[in-house]
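Inspection log for the structure reproduced underneath, given as structure tokens.
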Amino acid sequence: ELGGYEHYMLKEIFEQPDALSTCLKGRLDMNNYKIILGGIENLSRQLTTAKRFILTGCGTAWHACLVGEYLMERLARTPVEVEYASELRYRNPIIEEGTVVIAVSQSGETADTLAAIEMCKERGATVLGVVNVVGSTIARTTDAGVYLRVGPEIGVASTKAFTAQVAVLTMMAIELGRRRHLDNARTEQLITDLNKIPNIINDVLKYSDMIKDISKECGDRENWLFLGRGYNYPTALEGALKLKEISYIHAEGLPAAEMKHGPIALINDGMPAVFIATRCSNYDKIISNIEEVRARGGKTIIIANEGDEEIERYADYLIRIPNVDDALEPLVAAIPLQLLAYHCAVLRGLDVDKPRNLAKSVTVE
Ligand code: F6R
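The opening residue of the sequence shown carries number 251 in UniProt numbering; numbering runs sequentially from there.
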């Protein structure tokens with residue numbers, strides 16, 4: 251079952267090119283540059299005219315929602331709010347006509363997400379699901395939805411489901427944008443580039459051994475920071491969560507500029523700080539954040555674009571990813587972070603597929 255991999259998590263990380271191809275397959279119309287999501291087609295009018303979206307989920311799924319917020323706001327110019335399902339269900343959210351809720355869940359069984367869906371439905375919202383497990387409770391409870399189609403995810407730490415959740419939200423945002431205001435050239439370019447993402451992920455997976463070497467040098471440290479901006483701020487949160495979950499290292503993910511509002515006090519000699527510093531995401535600003543970390547003795551692990559020479563002098567460790575449209579970057583930048591967490595945990599001798607205290611689906615509150 252492991253197909254030669256040492257753990258399900260590693261297998262699922264390496265499955266991502268195929269899993270995402272399956273997720274995108276038949277959904278990208280490369281002739282007419284449209285996106286076809288059969289599960290929500292009936293609601294397309296309602297989605298196009300929606301006044302506001304609420305994206306909700308827990309943990310990794312919530313991180314995917316955050317990426318979705320940036321995408322829908324930027325590409326579809328629509329108001330979006332992201333809320334943890336566990337908070338949404340106990341708030342008194344304002345749900346008016348034209349509010350659409352999108353609930354994201356790998357298992358389709360998360361208790362808080364389900365409760366939030368039920369509450370929003372009672373208040374009259376249309377609720378869509380972005381779910382992996384076919385026929386799961388959330389898939390059955392939502393009004394309509396889009397399946398991830400990545401196959402079973404067995405490793406407790408979510409990997410391929412995360413990238414597929416982001417891919418589905420990306421498709422929704424592009425299609426919504428296309429129907430609303432995106433010009434044809436931009437739509438074509440996004441769909442063309444999205445179609446190439448599985449191959450690009452394949453290229454990034456080749457860095458696994460190099461990332462293992464970085465883990466050997468930094469994996470003994472107990473406190474890490476993960477920093478990114480824009481589309482890659484949620485990616486930073488996801489990188490930190492992966493590391494916490496399976497290697498039990500304390501890690502904090504932040505939008506990079508927030509560092510100086512407090513967390514910078516944590517930085518001491520040799521503390522690893524992982525930066526996603528691609529050309530797209532406010533590059534110059536993030537360079538100054540990197541300098542601040544280095545000035546305090548932090549060790550920088552930088553994810554940067556191929557061909558960026560300027561970055562070399564700022565990096566203790568450098569991981570290069572291909573240039574992609576910034577809207578698609580989380581799909582690529584997440585991969586080295588998954589590998590980093592994996593290798594750190596393995597080097598610590600931990601059971602990466604079944605980390606302590608965690609269950610694959612959280613069906614109690
Ligand atoms: C992280 C992880 C959890 C889940 C969360 C939601 O690796 O696995 O944070 O993402 O419990 O689970 P689902 O997506 O099944 O609703």
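Even for Gly, the Cβ is constructed at its ideal location relative to N, Cα and C.
Report the rounded CA-to-CA distance for residue i versus residue j, giving the unit in angstroms.
{"i": "R429", "j": "N282", "result": "13 Å"}
{"i": "C530", "j": "D575", "result": "8 Å"}
{"i": "R277", "j": "L287", "result": "6 Å"}
{"i": "E262", "j": "L589", "result": "11 Å"}
{"i": "L608", "j": "G405", "result": "11 Å"}
{"i": "E467", "j": "R546", "result": "19 Å"}
{"i": "S386", "j": "A366", "result": "16 Å"}
{"i": "K275", "j": "G520", "result": "44 Å"}
{"i": "V543", "j": "F525", "result": "10 Å"}
{"i": "L252", "j": "H500", "result": "29 Å"}
{"i": "Y481", "j": "V351", "result": "21 Å"}
{"i": "S357", "j": "R570", "result": "32 Å"}
{"i": "E559", "j": "W474", "result": "25 Å"}
{"i": "E541", "j": "G374", "result": "50 Å"}
{"i": "M322", "j": "H431", "result": "12 Å"}
{"i": "Q266", "j": "L316", "result": "20 Å"}
{"i": "residue 631", "j": "A595", "result": "Nothing in the structure corresponds to residue 631, since the chain is present only between 251 and 615."}
{"i": "K535", "j": "I514", "result": "16 Å"}
{"i": "L325", "j": "Y258", "result": "35 Å"}
{"i": "P402", "j": "L270", "result": "13 Å"}
{"i": "L516", "j": "P484", "result": "21 Å"}
{"i": "K301", "j": "E346", "result": "9 Å"}
Can you tell me whether residue i sits near ligand 1, meaning its C-beta is under 7 Å from at least one heavy atom of the ligand?
{"i": "G288", "result": "no"}
{"i": "E347", "result": "no"}
{"i": "A407", "result": "yes"}
{"i": "S611", "result": "yes"}
{"i": "Q356", "result": "yes"}
{"i": "E291", "result": "no"}
{"i": "C530", "result": "no"}
{"i": "G503", "result": "no"}
{"i": "C308", "result": "yes"}
{"i": "T437", "result": "no"}
{"i": "T442", "result": "no"}
{"i": "T363", "result": "yes"}
{"i": "L491", "result": "yes"}
{"i": "E495", "result": "yes"}
{"i": "A584", "result": "no"}
{"i": "A527", "result": "no"}
{"i": "T391", "result": "no"}
{"i": "T360", "result": "yes"}
{"i": "A486", "result": "no"}
{"i": "A326", "result": "no"}
Use the C-beta contact count for residue i: other C-beta atoms within 10 angstroms, 16 or more gives buried, fewer gives exposed.
{"i": "D470", "result": "exposed"}
{"i": "M280", "result": "exposed"}
{"i": "D362", "result": "buried"}
{"i": "Y340", "result": "exposed"}
{"i": "R390", "result": "exposed"}
{"i": "K410", "result": "buried"}
{"i": "S538", "result": "exposed"}
{"i": "N449", "result": "exposed"}
{"i": "A435", "result": "exposed"}
{"i": "V614", "result": "exposed"}
{"i": "K549", "result": "buried"}
So is residue i in contact with chain C if we call contact Cβ pairs under 8 Å?
{"i": "A577", "result": "The structure shown contains no chain C, having only a single protein chain."}
- [ ] Decide if the stretch 575–587 is in contact with the stretch 451–466; the criterion is three or more beta carbon pairs, one per stretch, under 8 Å apart.
- [x] yes
Task: Three or more C-beta pairs below 8 Å linking the stretch 365–382 and the stretch 391–401 - done: yes
Task: Given 8 Å, three or more beta-carbon pairs between the stretch 551–570 and the stretch 504–515 - done: no
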